[in-house]
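Trainee:
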Amino acid sequence: MAEFSFPLPDPLEETPSIDFHAEDVDDPLTDEALLRQWIEKVIEGAGCHLVQLNYIFCSDEYLYRLNVEYLDHDTYTDIITFPYAEPPAVHGDLFISTERVRDNARELGVPFEDELHRVMIHGVWHLCGQGDKSEAEAQAMRQREDEALQLLRRLRE
């Protein structure tokens, strides 16, 4: 009997992709093609390379359960990023609570879509190696988010 072997796919040989999924909420995105272009440009500008990104939009409760189960954090949050590679490779799953983003947008007095895009790119910056634990890191993260949001506005023009 002949033996068959099927090689496991090498993520670095896969076609780079950015995919969007809505788990237990409505899909919050309006222009996925533009967002893909934007995210790819941010990654390239950071000196990184895209392997694969999965954005999973979900409820507060869904993200809370992930936070408890995988990170042992008993808190609600707007995003959890699961990296599957080290920078400069960008490969990961980004879980985003659209409920938390909506609440944060309301508190900050900004449009939901703007806050959603900030959170989306925040996760990308983490995958590119940008921390946000110290005050200096948090300031650098905020600056990079702001610059990325300016790029998105230019791409829309």
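For the sequence shown, the working numbering assigns the number -3 to the initial residue and increments by one for each residue that follows.
C-beta: ideal position from N, C-alpha, C; glycine also.
1. With three or more beta-carbon pairs closer than 8 angstroms as the criterion, would you say the region 33 to 45 touches the region 101 to 120?
2. Pick out whichever of 77, 17 and 36 has its Cα sitting closest to the Cα of residue 126.
3. When the Cα atoms are used, what is the spatial distance from residue 89 to residue 62?
4. Do residue 20 and residue 58 come within 8 angstroms of each other at the CB atom, strictly closer than that value?
5. Pull the bridge partners of residue 120 from the DSSP assignment, please.
6. Could you tell me if residue 87 is buried or exposed, where buried requires 16 or more neighbouring beta carbons within 10 angstroms of its beta carbon?
7. If you scan the region 32 to 102 from start to end, which runs of the beta strand (DSSP E) of 3 or more residues do you find wholly inside it?
8. So, for residue 14: in the same chain, excluding its five sequence neighbours on each side, which residues have a beta-carbon less than 6 angstroms away from its beta-carbon?
9. On the DSSP bridge assignment, give the partners of residue 13 in chain order.
10. List the whole-angstrom C-beta distance separating residue 74 from residue 93, where the pair is believed to meet the contact cut-off of C-beta under 8 angstroms.
11. Just curious, the alpha helix (DSSP H) that residue 146 is in, first and last residue?
12. Classify residue 113 as buried or exposed, calling it buried when 16 or more other Cβ atoms lie within 10 Å of its own Cβ.
13. Taking only the alpha-carbon atoms, compute the straight-line gap between residue 107 and residue 98 and give it to the nearest angstrom.
Mentor: On the basis of the data shown:
1. yes
2. Taking the first residue of the sequence shown as position 1, residue 126 is located at position 130. Taking only the C-alpha atoms, the option nearest residue 126 is 77.
3. As a first step, residue 89 must be located in the sequence shown, where it is residue number 93. As a first step, residue 62 must be located in the sequence shown, where it is residue number 66. Roughly 12 angstroms separates the two Cα atoms.
4. Translated into the one-based positions of the sequence shown, residue 58 becomes position 62. Translated into the one-based positions of the sequence shown, residue 20 becomes position 24. The answer is yes: Cβ separation under 8 angstroms.
5. As a working mapping, residue 120 is identified with position 124 in the sequence shown. None, per the DSSP bridge assignment.
6. Indexing the sequence shown from 1 puts residue 87 at position 91. Label assigned to residue 87: buried.
7. 45 to 54, 75 to 79 and 85 to 93
8. The sequence position of residue 14 within the sequence shown is 18, counting from 1. 32, 35 and 49.
9. Position 17 of the sequence shown, counted from the first residue, corresponds to residue 13. Bridge partners of residue 13: 48.
10. As a working mapping, residue 74 is identified with position 78 in the sequence shown. As a working mapping, residue 93 is identified with position 97 in the sequence shown. Contact flag correct, Cβ pair sits at about 6 angstroms.
11. For the purposes of this step, residue 146 is taken as the residue at position 150 of the sequence shown. Where residue 146 is concerned, the enclosing alpha helix (DSSP H) stretches over 131 to 152.
12. Position 117 of the sequence shown holds residue 113. Buried, because 16 or more other Cβ atoms sit within 10 Å of the Cβ of residue 113.
13. Residue 107 sits at position 111 when you count from the first residue of the sequence shown. Residue 98 sits at position 102 when you count from the first residue of the sequence shown. Those two C-alpha atoms are separated by around 9 angstroms.
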